[in-house]
């Protein structure tokens, strides 16, 4: 190996400009030397591969969970949407029904009044029948007493 006439500063590219840079970039970089133990290299590569496999498995597991939960969420969403649609239809029918009920309130009130009137009349008739029965019994007793008194006098 012959020594170049250039100094260390010139080789670094600080002194001569582009010519020095061309010289430095032409030399290939040395490859890193493996460790003294081949076992160490095998262990390092095994660890790297295991780490990559673990990361892939973790991503796959996360994707599986996301897909599973998304399927359940989609089903819940569709079911809820159907319930709300049905509720909206029922609410509309209910609102329409309110107007018919409001218009029919006087009829409902008069029906209840009529039912109460019938019940009052029935109770009044029952009381009148009981009074009549008591009066008839009292008259019958009085007639028997009068007949007894007449028979005693005769």
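In my numbering, the protein residues as written are 1358 to 1511. Even glycine gets a Cβ: it sits at the ideal position worked out from N, Cα and C.
Checklist entry - From residue 1412 to residue 1427, what does the alpha carbon distance come to, in whole angstroms? => result To locate residue 1412, count along the chain shown from 1; it is residue 55. To locate residue 1427, count along the chain shown from 1; it is residue 70. Put simply, the backbone Cα of residue 1412 is about 22 angstroms away from that of residue 1427.
Next on the checklist: In whole angstroms, give me the CA-to-CA distance for residue 1463 and residue 1482.
Outcome noted: What you label residue 1463 is simply residue 106 of the chain shown in a count that begins at 1. What you label residue 1482 is simply residue 125 of the chain shown in a count that begins at 1. Their Cα atoms are separated by approximately 28 angstroms.
Checklist entry - According to DSSP, is residue 1394 helix, strand or coil? => result Numbered from its first residue, the chain shown carries residue 1394 at position 37. The answer is coil: DSSP assigns residue 1394 none of H, G, I, E or B.
Item to check | Pairwise C-alpha distance: residue 1487 and residue 1475 | outcome: For the purposes of this step, residue 1475 is taken as residue 118 along the chain shown, with counting starting at 1. For the purposes of this step, residue 1487 is taken as residue 130 along the chain shown, with counting starting at 1. Approximately 18 angstroms, taken between the alpha carbons.
Next on the checklist: With H, G and I counted as helix, E and B as strand and the rest as coil, what does DSSP make of residue 1388?
Outcome noted: Translated into positions along the chain shown, residue 1388 becomes position 31. Reduced to three states, the DSSP call for residue 1388 is coil.
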